[in-house]
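Data block below; observations after.
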Amino acid sequence: MNIFVGSLPFSLGEADLRESFEAYGPVDSVKIITDKFTGRSKGFGFVEMPNEEEGQKAIDELNGATVQGRAIVVNKSEPRPEGGERRSFGGGNSRPGGFNRDNNRSGGSGGGDRGGYNRGGNSGGGGDYNRGGRY
């Protein structure tokens with residue numbers, strides 16, 4: 001059973017999370033999701049337990065429990081629908097995501113087909129933020 005665990009304290013490690021769930025049965029894996037740039041915890045993770053009954057008991061008893069002063073959220077993780085689209089904000093042609101400056105280029109509208117915030121260039125474009133495309 002794959003279990004989602006949210007509202008985790010940022011300082012909580014995978015070993016601590018594993019220990020909390022092992023009180024209910026064997027744990028196959030534990031993964032706390034981290035930011036790929038900073039390495040800091042995003043405050044949620046997943047626990048894999050082989051036994052459905054033990055996994056459900058862990059969900060029932062740990063959902064709403066206080067861990068390091070925070071009430072955690074624990075529920076069964078549902079698989080992403082096949083072909084499901086991940087949300088992505090930002091974009092543009094010059095760099096992936098976020099705010100992009102297209103200096104010394106013509107035009108200042110949008111930024112490719114992915115949208116995002118782009119700063120107009122110095123020749124022919126406005127200097128304000130324009131939203132183009134879709135996200």
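Numbered per UniProt numbering, the sequence shown finishes at 135, counting up by one with no gaps. Just so you know, even glycine gets a beta-carbon here, dropped at the ideal spot from N, CA and C.
Shown here for Glu52: same chain residues with a beta carbon closer than 6 angstroms to its own, the five before and five after excluded, namely Met1 in chain order. Judged by DSSP secondary structure, Phe4 falls within the beta strand (DSSP E) whose first and last residues are Asn2 to Gly6. Between Gly55 and Tyr24, the C-beta spacing is below 9 angstroms. Scanning its chain for C-beta atoms nearer than 7 angstroms, with the 5 sequence neighbours on each side dropped, one finds around Val47 the residues Ile3, Val5, Leu17, Phe21, Val27 and Val30, in chain order.
Looking at Ala58, Phe10, Glu14 and Ala15, the one whose alpha-carbon comes closest to that of Thr38 is Phe10.
Excluding sequence positions up to five before and after Ile59, its CB lies within less than 8 angstroms of the CB of Ile3, Val74, Asn75 and Lys76, all in the same chain and listed in chain order. Taking a 10 Å sphere around the C-beta of Gly45, we find 16 or more other C-beta atoms and assign the residue as buried.
For Ile72, the secondary structure class from DSSP, reduced to helix, strand or coil, is coil. A distance of 9 angstroms or more separates the beta carbons of Leu12 and Ile33.
If you check the CB distance, Ser41 and Leu62 do not come in under 9 angstroms. Secondary structure within the stretch 12 to 46: the beta strand (DSSP E) runs of 3 or more consecutive residues, fully enclosed, are 29 to 34 (chain order).
The C-alpha of Lys36 is placed about 32 angstroms away from the C-alpha of Lys57.
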